[in-house]
Amino acid sequence: MTERNEGSGAFAGRKLNRRDFLKMSGAGLAGAALLGAAGCGGGASSSKLIFSMGSIIPTYNALIDKFNKQHKGEAEATLRAMPSNATTHYDKLTTEFQAGGGDIDVIGGDVIWAIQFAAQGWIQDLSDDFPKSEQEKFLPAPISAMIYEGAVYGIPWFTDAGMIYYRKDLLEKAGFSGPPETWDELKEMALKTAKDTGTKNGFVFQGSNYEGGVCNGMEYIWTHGGEVLSDVTSGKVVVDSPEALAAMETYASMVADGVAPEAVANYDETTSEPVFGAGDAVFLRDWPGFYALLGIPEKDGGYPNIKPEQVGIAPIPVAKQGMHSWSTLGGWNQYVNAATDLQDEAVTFAKWMTATEQEKFLATDGGLRPTRKALYEDPDVTEALPGVELQKEIIFNNAKSRPVMEYYGDMSLELAEQFNNVVTGDTSPQQAVETLQKDLSNIMQQAD
Amino acid sequence: MASTTATGKGTGRRSLNMVLFYVFVVIFVFVSVFPLLWVFKMSIVTKSELYAAPPTILPQSLSGANWTQVLGDPAFQKALINSTIIAGVTTLICLFFGSLTAYAIARLRFRFKSTVLTLILAISFFPAVAIIAPLFIQFTALGIIDTLASVIITDTVFALPLTIWLLVAFFRELPVDLEDAAKVDGATTIQAFRKVIVPLAAPGVFTTAILTFIYAWNEFLFANTFLFDPSTQPVTVVIPNFATIYTVDYGAQAAASVIVTVPLVILVLFFQRRIVSGLTAGAVKG
Amino acid sequence: MTTASREKKERSWFKEEFGDPERRTAYYMVLPSLLIIVVIAFFPILYGIVLSLTDSTVTAFGSFVGLENYIEMFQDPDFLVGLSNTVIFTVASVTLEFILGLGIALAVNRAFRGRGLVRAAILVPWAFPTVISAVMWRLMFQPGIGIFQYLAEKIGIISGPVLSDPAALLISAIVIDVWKTTPFMALLLLAGLQVIPGDVYEAARVDGANVYQRFFRITLPLLKGAILVAVLFRTLDSYRVYDLFWAFGAKELDSLSTYVYEGVRISQLQFGPGNAAAVFIFVTAFLIALFFIKVLGMRTSTEE
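Protein chains in written order, with the numbering used here: chain A, 2 to 449; chain B, 344 to 629; chain C, -11 to 292.
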């Protein structure tokens, strides 16, 4: 870059120089970026694939390198880092899609994006490349979340489900022998244990007005026997039911009865985990990955003061004994951009990323839960994923997809807001359920 | 220097005023700087203290982990460079074209001045979030998505209105006969502009430069939307990425924020001298 | 006037504008800025206006529906809340920022020891990256770990989380914005102060004017140009507030622009009203600017 002084002098020649400089620097930077991204190797004949993913961990880079080595001469993949924040990430993807598809070939995306992308025609139907015989090898819940109009639109990559963490040692001190099965039990245990052991909070969870809040709220509705939609991808809005009402009443009672602090209305994962990690909560509702942070030194992002031995994992409580427990399904999948020129290569990449070997690497190196059922029997995997033995059942049997449909963006905004209102007490459970019924029905009507 | 000498009530009154003055100054400085100090504290304590409830006032358990992480992160280093380029080039372009336009409006005679000024101002009426998508489409067509040029152009478009309006206000303050005096000495319009007006309007010019630079430096929306390759992204986009899918690393973000703020302040320290010296630059002679 | 002489007048107007070399130079000087702005921004703004009059969705361009989106927008309680929040926020912030900014500018205008450092320190809030600032502030207001939540509770201003109380949230946002952008005002007004020649004050002092008279009769009038520009731009910026409300309020604090963002970028069904709101902001901001120009006497040229 050349030196330049302050902008005095209005001669046309200098004006052009500035514009040229812009063009040159723009082109130069683009060129440098491409060069940097191209990595090593890659002959003239190999197709250049772009894979986008958010919240990059070194595991993804390692996977990309491995792919490139194995497919040298045929295809070369580069990793495009997307924002860590899910909303910003989604926003960026939709901007590209709206502008005509963009140049990303394979998209690493959240499980709730599948239907939204599919309904707009932005991602590829993979039914031919991912037939039922293959699908059976994977966990059922992630697959069901990607079915739109009978076709499957992605391949499951890694998964998540909500669960309850509890302080075994504190419960023991308070005289409880095991985790709670019902919500009432949880409340009772939380209050008594907190009081007896002098713990600040009984129960903390993510109750803020965001997608995580929807995850929390849905678990209450399902475990009370209620539903929001009569079936996952379409159907009637059935949230105005006695079951859902009971669910919201339980949800409201957490703060109202002092089981959880008022603060939960502003908590997300980042702010609720430290409370449990500091020993200030008896129960925490969170995702499986939290277990790996127990007893780990701080510089690795962990909570050294609470050891894994002190913590137990339990399914989400239910309304009445004997009912089936449900957890909100999370996780990320591989999607193929409908506008890609490299159809075959993209599908090859997606299938490769979700192959047994790669999913195993995701688990052992990245600490992410695989979506292939067989891997949960693999001792290397169970060793690498702390707590997975305890979590396996929840992941296999209890995971349920949020009511994703074409306009889930709108639905999610509604659900998040009403659930949060219930937690803060701004709306009564009855009002919340009625508002949801009305607003969600509106949305569903427009979906047809 | 203003004071109460007119009433002649004596040194007692004056020192009370001075004391009050310094008290207010200290309060202002403290209020301005406190949040930065707090964020700095966030960056140098351990994670458990960061999330301590109730919060600790003075740091108790120190940790350099955030700083080593951020300073050693090549993506962050590159982002600093990108931010500097974006902010620097935007400022230069804005100053250059903006001062020309402002001068013409303030000091030269032609019709349509109000129209021009209003047209220029009109871009400030529209919320940026609403025109992201069409801008994206436009830039895709131009092929400059994922280059710094897309952000520089957009930042310029949004910073020009303030630049121009401000410089118009400043140029207008200058005595009317300045150019005529210069022209009598044989200067052209452009030369009069360069050699007489600009130096005298220096406080305004440097202030505009600082404000534009900081605006472009802090700009997030366009950088986030138009830049995909991490090697092109400025710090505003990179800092929120100190996070995982599940949780945000506030300690690292805090450290990065401090790193990003301090140079700006030093930059201003450097430039604010020029603002003062602009005053003493020659007056109209004779 | 006869046709011949009118034509002559029109032709000479054109000649007068573009024939005069000085005027031509003026147009050349103005053109680049105008071009950049109009070329880049014209299409997107027009696109937004057109979209607001159709029933388009995010992916498909729809058909003309007149003012339907606007009606839906005005009936949307979220929009009305956003509107009232935005107006309160704008009036409160700009007023406070002006008063404080002017005070700081006057104070720093004197030469005193440590002035340079004070100037730099006062600029810190403005230099702090906005997107991070809002997030950090949210942390500082988080229940339990946030220092300001803690202090607010201790002093007794509030008993529950600030972040859950809409009024407290708005007030906090105003405080944060005043903290953040007062330097902007101060810097502008300071530059304006420094262009005022010192001998004007000397003459006034010799005439026996006291501090207040000097301030109101000399300083303020001479500062009027800078004040109006600063206040106009701050008003327009506050009116379009988005980053602060979004990151600090985390969906609990609505402004006009967050309503637009939610409608245009997140929701799919609110796309129409979202665009309508964007145009609403555009039109009302234009009216605000007109107010400044016509009523407050902001001069747009040197012509008397």
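Where a beta carbon is used, it is the ideal one built from N, C-alpha and C, also for glycine.
Give me the Cβ distance between residue i and residue j, rounded to the nearest whole Å; I'm assuming they're in contact under 8 Å.
{"i": "R222/C", "j": "T169/C", "result": "7 Å"}
{"i": "V611/B", "j": "A108/C", "result": "6 Å"}
{"i": "S600/B", "j": "V372/B", "result": "In fact, because the Cβ distance is near 19 Å, the residues do not count as touching under 8 Å."}
{"i": "I133/C", "j": "P398/B", "result": "6 Å"}
{"i": "P316/A", "j": "W184/A", "result": "Actually they are not in contact, since the Cβ atoms of P316/A and W184/A sit about 12 Å apart, beyond 8 Å."}
{"i": "M255/A", "j": "A261/A", "result": "4 Å"}
{"i": "A140/C", "j": "F77/C", "result": "At roughly 19 Å, the Cβ-Cβ gap does not stay under 8 Å, so A140/C and F77/C are not in contact."}
{"i": "Y252/A", "j": "V434/A", "result": "Their Cβ separation, rounded to whole angstroms, is 11 Å, which puts Y252/A and V434/A out of contact at 8 Å."}
Would you report the Cα separation of residue i and residue j, rounded to the nearest angstrom?
{"i": "K282/C", "j": "D165/C", "result": "28 Å"}
{"i": "E450/A", "j": "Q207/A", "result": "With chain A running from 2 to 449 in the structure shown, residue 450/A is simply not present."}
{"i": "G74/A", "j": "L140/A", "result": "34 Å"}
{"i": "R156/C", "j": "D161/A", "result": "The sequence as given places Ala at residue 156/C; Arg does not occur at that position. Cα to Cα, the separation comes out at about 36 Å."}
{"i": "E244/A", "j": "N398/A", "result": "21 Å"}
{"i": "L36/A", "j": "L564/B", "result": "In this prediction, L36/A has a pLDDT of 41, which is less than 50 and means its spatial position is unreliable; what the coordinates show is noted afterwards. Answer to the nearest angstrom: the Cα atoms are 26 Å apart."}
{"i": "R20/A", "j": "A530/B", "result": "In this prediction, R20/A has a pLDDT of 40, which is less than 50 and means its spatial position is unreliable; what the coordinates show is noted afterwards. Using only the alpha carbons, I get a separation of about 28 Å."}
{"i": "D242/C", "j": "L80/A", "result": "36 Å"}
{"i": "A418/B", "j": "F67/C", "result": "40 Å"}
{"i": "T428/A", "j": "V271/C", "result": "35 Å"}
{"i": "T555/B", "j": "G547/B", "result": "12 Å"}
{"i": "I135/C", "j": "P185/C", "result": "45 Å"}
{"i": "F280/C", "j": "L509/B", "result": "15 Å"}
{"i": "V605/B", "j": "A595/B", "result": "16 Å"}
{"i": "C216/A", "j": "E274/A", "result": "16 Å"}
CB-CB under 7 Å to residue i, same chain, minus the five flanking residues each way: which ones, in chain order?
{"i": "A192/C", "result": "R202 and I206"}
{"i": "P143/A", "result": "V112, P157, T160, L330, G332, N334 and T372"}
Please list the partners that residue i has in chain B, where partner means a Cβ-to-Cβ separation under 8 Å.
{"i": "G55/A", "result": "I588"}
{"i": "A120/A", "result": "Under the 8 Å cutoff, chain B gives no residues; its nearest Cβ is about 19 Å from A120/A."}
{"i": "P20/C", "result": "F440, L443 and T444"}
Could you name the residues of chain A that residue i contacts, counting a contact when the two beta carbons are closer than 7 Å?
{"i": "V316/B", "result": "It is not possible to answer for residue 316/B, since the shown part of chain B is limited to 344 through 629."}
{"i": "Q130/C", "result": "N267 and T272"}
With residue i as the anchor, note down where its alpha helix (DSSP H) starts and where it stops.
{"i": "T220/A", "result": "According to the sequence shown, residue 220/A is Glu rather than Thr. Start and end: E212 to T224."}
{"i": "L414/B", "result": "A408 to L414"}
{"i": "T461/B", "result": "K456 to A465"}
{"i": "R103/C", "result": "R103 to A115"}
{"i": "V580/B", "result": "V578 to V581"}
{"i": "G91/C", "result": "P65 to N97"}
{"i": "S21/C", "result": "P9 to S40"}
List, in order along the chain, the chain C residues whose C-beta lies closer than 8 Å to that of residue i?
{"i": "G410/A", "result": "I254, S255 and Q256"}
{"i": "S254/A", "result": "By Cβ distance, chain C contributes nothing, its closest Cβ being about 17 Å from S254/A, past 8 Å."}
{"i": "A597/B", "result": "M124"}
Between which two residues does the beta strand (DSSP E) holding residue i run?
{"i": "Q335/A", "result": "S328 to V337"}
{"i": "P131/C", "result": "Premise fails: P131/C is in no beta strand (DSSP E) and is neither H nor E."}
{"i": "Y167/A", "result": "M164 to R168"}
{"i": "K49/A", "result": "S48 to G55"}
{"i": "R1/A", "result": "Beyond the ends of chain A as shown, which are 2 and 449, falls residue 1/A; an answer cannot be given."}
{"i": "D232/A", "result": "L230 to D232"}
{"i": "R286/A", "result": "A282 to D287"}
{"i": "I108/A", "result": "V107 to D111"}
{"i": "G203/A", "result": "N202 to V205"}
{"i": "A471/B", "result": "Looking at the DSSP string, A471/B is not in any beta strand (DSSP E), and its letter there is neither H nor E."}
{"i": "V312/A", "result": "V312 to A315"}
Could you name the residues of the same chain whose beta carbon sits closer than 6 Å to that of residue i, not counting the 5 residues immediately before and after it, in chain order?
{"i": "D411/A", "result": "I444"}
{"i": "G227/A", "result": "S242, E244, A245 and A248"}
{"i": "Y408/A", "result": "I444 and A448"}
{"i": "P113/C", "result": "W167, K168 and P171"}
{"i": "D197/A", "result": "A175"}
{"i": "G44/A", "result": "Note that G44/A has pLDDT 44, beneath the 50 cutoff, so the model's placement of it is unreliable and the number below is only indicative. The answer, listed in chain order, is G74."}
{"i": "Q412/B", "result": "A595"}
Anything in chain B within Cβ reach of residue i, meaning under 7 Å, just list it in chain order.
{"i": "F270/C", "result": "F468 and F469"}
Who are the near neighbours of residue i in its chain, counting only those whose CB is closer than 8 Å to its CB and skipping five residues on each side?
{"i": "Q322/A", "result": "E182 and T183"}
Which residues in chain C sit within 7 Å of residue i, going by Cβ to Cβ distance?
{"i": "I144/A", "result": "Chain C residues near I144/A: none, gap ~24 Å exceeds 7 Å."}
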